[in-house]
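Counting in my numbering, the sequence shown runs from 34 upward without gaps.
Take a look at the structure set out below.
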Amino acid sequence: PLLPRQPSAQNRALRPPIGAFSTRVGAMAKLHRVAPWLALALLVLLGGDSALASMERLLGVRGYADLTAQALLAIMAARNAAELCLALFGVYAILRAPLTSIGLRLPKVGELALGVAVGLAAALIFPWLIHELRLQGSYHLQYDLYIMSRATGLTAAASILLYLIFVPIVEEIVFRGIVLQGLLNATNGVVAVVVSALIFAGVHAVGGFGQVTTAFMTGVVFGWLYLRTRSIVPSSVAHVIYDTAALYPF
């Protein structure tokens with residue numbers, strides 16, 4: 034009887050190891066799971082920047098000398114409204130996933146209470162830590178806060194709603210609901226939380242080293258909160274509380 038033909042030593046050397054092939058397949062599968070989510074987050078952020086630039090041109094704002102409280106309010110509102118619309122549309126049209134997939138669900142009472150506790154703890158500890166480390170915000174951030182501190186009447190009321198409620202909620206949808214959840218599809222919770230916090234901090238680089246550090250710390254805490262509850266409501270509550278405490282002197 035004819036014996037089965039054995040592969041030559043040369044053919045065996047050219048054949049890739051089964052383990053290496055499986056590793057590459059696994060890596061490609063993880064990339065396939067996370068890429069649409071990160072691409073959507075990038076689209077949302079670029080769309081927000083485009084809306085901001087368009088509003089600046091519309092209002093004739095070319096520099097700090099042209100900036101008023103009303104103009105800054107309109108610019109930031111346009112940016113965050115664009116980001117919110119792109120995020121929700123992208124989840125439906127690009128990811129083809131329900132909104133619950135990004136944590137848009139009602140939390141339990143205990144989860145909501147945890148969000149309040151985390152927000153209060155972060156508001157007490159992080160500003161003190163930044164002060165002790167003597168980390169400063171950028172001139173850009175300080176000037177924006179100065180402009181908003183001069184707002185009165187309806188502009189002041191709208192600024193409170195924008196900066197203390199709308200902005201934190203939009204950021205939680207983008208960075209916890211999309212970025213963090215996308216990373217969780219491909220890696221473990223610790224890595225996903227840290228990487229998403231680094232991305233969150235990088236987006237705040239314009240605010241200087243102090244704001245970058247704060248953004249990273251809050252990104253880790255809010256990320257852990259999302260990881261525990263799988264809802265952006267508790268992290269949004271914590272974010273609102275923290276931002277309120279941070280902006281209160283202004």
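We treat Cβ as the ideally placed atom computed from N, Cα and C, and that holds for glycine.
Review point. Below 8 Å, can you find three or more Cβ-Cβ pairs linking the stretch 96-111 to the stretch 190-206?
Key: yes
Check your understanding: Roughly how many whole angstroms lie between the Cα atoms of V224 and T251?
Key -> 16 Å
Practice item. Give the range of the alpha helix (DSSP H) segment to which G170 is assigned. Key: Premise fails: G170 is in no alpha helix (DSSP H) and is neither H nor E.
Check your understanding: Between G256 and A230, which are expected to be in contact by the criterion C-beta below 8 Å, what is the C-beta distance as a whole number of angstroms?
Key -> 6 Å
Check your understanding: Measuring CA to CA, which of V245, L258 and E89 is closest to A146?
Key -> L258
Check your understanding: Is any heavy atom in the ligand FAD found nearer than 7 Å to the beta carbon of W161?
Key -> The ligand FAD is absent from the structure shown, which contains no ligands of any kind.
Check your understanding: Under a three-way DSSP split, which group does G152 fall into?
Key -> helix
Review point. Near I163, what residues of its chain come up, given a Cβ to Cβ distance below 7 Å and the 5 sequence neighbours on each side ignored?
Key: G243, T246 and T247
Point to revise | Check whether L128 and P69 have beta carbons under 8 Å apart | key: yes
Point to revise | CA-to-CA distance, Y97 to V67, given in whole angstroms | key: 39 Å
Check your understanding: Around the Cβ of S182, are there at least 16 other Cβ atoms within 10 angstroms (buried) or fewer (exposed)?
Key -> exposed
Review point. Does the separation of the CB atoms of I274 and I206 fall below 8 Å?
Key: no
Point to revise | Extent of the continuous alpha helix (DSSP H) run through G210 | key: Element bounds for G210: n/a, residue is neither H nor E.
Review point. How many angstroms separate the CA atom of H65 from the CA atom of L216?
Key: 11 Å
Check your understanding: From what residue to what residue does the alpha helix (DSSP H) around L100 run?
Key -> No alpha helix (DSSP H) contains L100, which DSSP labels as neither H nor E.
**Study point:** Beta-carbon proximity check, G136 vs G210, cutoff 8 Å
**Key:** yes
Exercise for review: Enumerate, from N- to C-terminal direction, the unbroken alpha helix (DSSP H) stretches of 4 or more residues contained entirely within the stretch 210-265.
Suggested key: 214-217, 222-236 and 241-262
Exercise for review: Determine the direct distance from the alpha carbon of P267 to that of F122, and round the result to whole angstroms.
Suggested key: 23 Å
Check your understanding: Helix, strand or coil: which one does DSSP assign to T185?
Key -> coil
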